[in-house]
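Q: Dropping a structure here in C-alpha cells format, bear with me for questions.
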Amino acid sequence: MNRRKLMRILPWVTTPGLVVLLLVAWQLAVTIGGVNSLIFPSPLDVSVAGVQMLGEPDTWENVGLTVTAIVTGFLIAVVTGVLVGVVLGKIPWLEVSLRPLIVISQVVPKVAFVPLFVIWFGFGITSKIVLATLLAFFPVMLNVLLGVRSIERGQREVMQSLNANRIQTFSQLEMRGIMPYLFAGMEVAIVLATIGAIVGEYIGGNRGLGAMVVTAMNALDSPRMFAIIGLLSVIGLGLYLIVNESKRFFIPWHESVYTQRELAVA
C-alpha cells in the first residue's frame with residue numbers, strides 16, 4: 001500500500017479506534033474504579049440520557065436557536081472582518097492607528113461583556129449573536145489583512161500594465177490572494193463563534209443548549225449534562241467541517257485543497 005492510500009484510509013481507522021478505546025476506558029473507570037456516577041457517569045448512562053433528550057421536541061428548538069446564533073454571528077464576523085481587513089490592509093497608517101484598539105477589544109475577557117449584553121439586548125438571541133461575532137471577528141480580519149499585504153508589488157504592476165482598473169485588480173488578483181487566508185481565518189472563527197454563542201447562553205440565556213447545560217447542572221443530572229456537551233461537540237465539529245469542505249468550491253486551485261483531492265482519488 002502506497003503512502004497516499006495509507007493517508008486516505010488512516011483517519012477512518014485511527015479516529016473511530018481512538019473513540020472506542022476512550023469509551024472502553026471511560027466505562028472501565030466508572031464500573032471497576034468505583035467512580036461516583038453523580039460526578040462521572042458511564043457512557044451507557046450518557047447514551048440513555050442522550051436518547052431521551054433527543055426525543056424531546058424542546059431539545060430541537062434549543063438546537064435551532066444555538067445553531068442560528070452561531071451561524072449568524074459567524075457570518076456577520078466574516079463580512080465585517082473582510083471589509084475591515086481589506087481597508088486596513090490597503091491603508092497602512094490607518095491599520096497602525098487602529099491596531100492597538102482592535103487588540104485591546106480582543107484581549108478583554110468576553111465573558112465580562114455578557115452582563116452588559118444582557119442589559120443592552122436582553123436575554124434573547126441577540127446578545128449571543130453579538131458575543132459570537134466579537135469572538136469570530138479578529139481571526140477573519142487579521143487573516144484578510146495578511147492576505148492583502150501578501151500581494152506582491154510585481155503582481156500589481158502586471159495588472160497595471162494590462163490596464164486593469166481597481167475593481168478588476170481586486171476581483172482578479174487581490175481576492176484570489178486573499179481567499180486562502182480568509183478560509184484559514186474562517187476555520188478558527190467558526191470554532192470561536194460556537195464558543196461565544198454557548199458561553200452567552202450559559203451565562204446570560206434562558207434558551208439554547210448552553211442554558212440546557214445550566215438546567216441539567218442545577219438538577220445534578222450529570223448524564224444529561226454530558227449528553228448535551230456531546231451534542232454541542234457534534235454540532236461544532238459539523239460546522240467546522242462545512243467551512244473546511246467549502247474550500248473545495250471557492251479555492252479549488254489552492255495547494256491545500258489540491259493535496260486533499262490527490263489523497264481522495266489516490
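Mapped onto full-length UniProt numbering, the consecutive letters of the sequence shown carry residue numbers 1 to 266.
Don't be surprised by glycine CBs; every beta carbon is placed ideally from N, CA and C.
Note that this is a predicted model, so its numbers are computed, not measured.
1. Helix, strand or coil for Asn36, going by three-state DSSP, please let me know.
2. Should Arg99 go down as buried or exposed, given a rule of 16 or more other Cβ atoms within 10 Å for buried?
3. Report the CB separation of Gly177 from Gly196 in whole angstroms; it is logged as a contact under 8 Å.
4. Between Leu192 and Ala136, which are expected to be in contact by the criterion C-beta below 8 Å, what is the C-beta distance as a whole number of angstroms?
5. Can Gly73 and Ile119 be called in contact, C-beta distance under 8 Å?
6. When you compare the CB positions of Met53 and Ile228, do they come within less than 8 Å of one another, or not?
7. So, are the CB atoms of Thr31 and Ser42 less than 8 Å apart?
8. To the nearest angstrom, how far is it from the Cα of Pro92 to the Cα of Leu142?
9. Can the beta-carbon of Ala132 be found closer than 8 Å to that of Ala69?
10. Distance check for Met186 and Val87, CA to CA, integer angstroms please.
11. Gly81: buried (16+ other C-beta within 10 angstroms of its C-beta) or exposed?
12. If you check the beta carbons only, do Val78 and Ala184 fall under 8 Å apart?
13. Would Gly89 be called buried (16 or more neighbouring beta carbons within 10 Å of its own) or exposed?
14. Return the first residue and the last residue of the alpha helix (DSSP H) that Glu245 is part of.
15. If you follow the alpha helix (DSSP H) that Ala211 is in, where does it begin and where does it stop?
16. Where does Ile203 fall in DSSP's three states?
17. Have a look at Asp221 and Gly208 and give me their C-alpha separation to the nearest angstrom.
18. By the three-class DSSP mapping on this structure, what secondary structure does Phe74 have?
19. Between Ile102 and Met179, what straight-line distance do the alpha-carbon atoms span, to the nearest angstrom?
20. Distance check for Gly33 and residue 268, CA to CA, integer angstroms please.
21. For Gln106, which residues from the same chain have a beta carbon less than 6 Å from its beta carbon, with the 5 sequence-adjacent residues on both sides left out?
A: On the basis of the coordinates in this document:
1. The residue labelled residue 36 in the question sits at position 36 within the sequence shown. In this structure, DSSP gives Asn36 a state outside helix and strand, which the three-state scheme calls coil.
2. As a working mapping, residue 99 is identified with position 99 in the sequence shown. Flag for Arg99 reads exposed.
3. In the sequence shown, the residue the question calls residue 177 occupies position 177. In the sequence shown, the residue the question calls residue 196 occupies position 196. So it is not a contact: roughly 29 Å between Cβ atoms.
4. As a first step, residue 192 must be located in the sequence shown, where it is residue number 192. As a first step, residue 136 must be located in the sequence shown, where it is residue number 136. The pair is a contact, with the Cβ atoms about 5 Å apart (cut-off 8 Å).
5. Within the sequence shown, the letter at position 73 stands for residue 73. Within the sequence shown, the letter at position 119 stands for residue 119. Remark: C-beta atoms of Gly73 and Ile119 do not approach each other more closely than 8 Å.
6. If you number the sequence shown from 1, residue 53 lands on position 53. If you number the sequence shown from 1, residue 228 lands on position 228. It is a contact, given that the beta carbons lie within the stated cut-off.
7. One-based indexing of the sequence shown puts residue 31 at position 31. One-based indexing of the sequence shown puts residue 42 at position 42. Remark: C-beta atoms of Thr31 and Ser42 approach each other more closely than 8 Å.
8. To locate residue 92, count along the sequence shown from 1; it is residue 92. To locate residue 142, count along the sequence shown from 1; it is residue 142. Cα-Cα distance, rounded: 13 Å.
9. As a working mapping, residue 132 is identified with position 132 in the sequence shown. As a working mapping, residue 69 is identified with position 69 in the sequence shown. Yes.
10. Residue numbering aside, residue 87 sits at position 87 when the sequence shown is read from its first letter. Residue numbering aside, residue 186 sits at position 186 when the sequence shown is read from its first letter. Going by the C-alpha atoms only, they are around 18 Å apart.
11. Walking along the sequence shown from the start, residue 81 turns up at place 81. Residue burial annotation: Gly81 is buried, with at least 16 other C-beta atoms found within 10 angstroms of its C-beta.
12. Numbered from its first residue, the sequence shown carries residue 78 at position 78. Numbered from its first residue, the sequence shown carries residue 184 at position 184. In this structure, Ala184 does not lie closer than 8 Å to Val78 by Cβ.
13. What you label residue 89 is simply residue 89 of the sequence shown in a count that begins at 1. Per the 10 Å Cβ criterion, buried.
14. Looking up residue 245 in the sequence shown gives position 245. Counting along the chain, the unbroken alpha helix (DSSP H) around Glu245 starts and ends at 222-245.
15. To locate residue 211, count along the sequence shown from 1; it is residue 211. Here the alpha helix (DSSP H) through Ala211 covers 209-218.
16. Reading the sequence shown from its first residue, position 203 is the one you call residue 203. Reduced to three states, the DSSP call for Ile203 is helix.
17. The residue you call residue 221 lines up with position 221 of the sequence shown. The residue you call residue 208 lines up with position 208 of the sequence shown. Using only the alpha carbons, I get a separation of about 17 Å.
18. Position 74 of the sequence shown, counted from the start, is the residue given in the question as residue 74. DSSP places Phe74 in helix when its eight states are reduced to three.
19. In the sequence shown, the residue the question calls residue 102 occupies position 102. In the sequence shown, the residue the question calls residue 179 occupies position 179. Distance between the alpha carbons of Ile102 and Met179: 22 Å.
20. Lying before the first or after the last residue shown, residue 268 is absent from the chain, which here runs from 1 to 266.
21. As a first step, residue 106 must be located in the sequence shown, where it is residue number 106. Contacts found: Phe138.
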